[in-house]
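Structure, as C-alpha cells:
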Amino acid sequence: MPADAMLEKLQDLVNADAALVRRGRWLSADMMLEIGDARHLVKIRDGRITEIAALPLLAIPFDFAVIGTEEAWREFWQPVPKPRHHDIMALIREGKMRIEGDLEKMMAHFLTLKMMLEKPRLPGKRDGAGAT
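Put into C-alpha cells, the structure is as follows:
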C-alpha cells in the first residue's frame, strides 16, 4: 500500500485511541511529514490530529518535521517492519529519515509522536490482547 494511503488513515486511527489522545493531551503542534517528494502538514491539538493537509510550499510554518523516503515510510508502516525499520530513531540511524525544527518540543513528546506515527501499521486496537 502506498505511504500516502497509510497517512490517510492516521487521523482516524490516532483520534480513535482514547489512551493515546489522553497521553498526548499536552501536545499541540504542527508537524510536517515528508514522504518522498510529498509534504503533509499534520496539525495536532491537545493530543488529537485535527487536520492533515498537503503542504505545497515550505513557506507554511511548522514546529518540527519528520522526513523520510517513501520506501522508508512504506516499510515503517508494515505490520511487522524489517529490522532497523521498526522505529523512527532506527531509520534516522540508517540514514533513511531525519528530524528537523524545534527538536526540544518534539523530544518532549517523542514517545507520543512515535506511537501516533506507528498507528497505521497496527491492525485494530493497540492493546496487545490479540483476542478475536
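Following the working numbering, the numbering of the sequence shown begins with 6 at its first residue and continues without gaps.
Cβ coordinates follow ideal geometry from the N, Cα and C atoms, glycine included.
Bridge partners - residue i, DSSP secondary structure assignment
{"i": "V19", "result": "Looking at the DSSP assignment, V19 forms no beta bridge with any residue, so it has no partner."}
{"i": "D35", "result": "K48"}
{"i": "T43", "result": "Note on residue identity: the sequence assigns Ala, not Thr, to residue 43. Answer is I40."}
CA-to-CA distance, residue j to residue i, given in whole angstroms
{"i": "K87", "j": "L38", "result": "21 angstroms"}
{"i": "H90", "j": "A34", "result": "25 angstroms"}
{"i": "M120", "j": "D68", "result": "18 angstroms"}
{"i": "G52", "j": "I97", "result": "24 angstroms"}
{"i": "L108", "j": "H114", "result": "10 angstroms"}
{"i": "I54", "j": "G106", "result": "19 angstroms"}
{"i": "R27", "j": "N20", "result": "10 angstroms"}
{"i": "E76", "j": "L15", "result": "18 angstroms"}
{"i": "E80", "j": "D42", "result": "16 angstroms"}
Short Cβ contact (8 angstroms threshold) for residue i with residue j
{"i": "A70", "j": "I49", "result": "no"}
{"i": "I65", "j": "L12", "result": "no"}
{"i": "G73", "j": "K110", "result": "no"}
Beta-carbon contacts of residue i that lie in its chain and below 6 angstroms, excluding the five residues immediately before and after
{"i": "G29", "result": "G52, T117"}
{"i": "L63", "result": "none"}
{"i": "D95", "result": "Residue identity check: residue 95 is Ala in the sequence provided, not Asp. For A95, where only same-chain residues beyond five positions count, the Cβ hits under 6 angstroms are R89."}
{"i": "W82", "result": "M11, P125, R126"}
{"i": "E99", "result": "R89"}
{"i": "T137", "result": "Unreliable placement is indicated for T137, whose pLDDT of 30 sits below 50; the coordinate value is still reported in the next sentence. Nothing meets the Cβ criterion."}
Test: residue i CB closer than 8 angstroms to a CB of chain D
{"i": "V47", "result": "Of the protein chains in this structure there is only one, and it is not chain D."}
Own chain residues within Cβ distance below 7 angstroms of residue i, not counting five before or after
{"i": "L60", "result": "M37, R44, H45, L46"}
{"i": "L18", "result": "K124, P125"}
Entirely enclosed beta strand (DSSP E) segments - the segment 53–106, minimum 3 residues: 53–59, 69–73, 102–106
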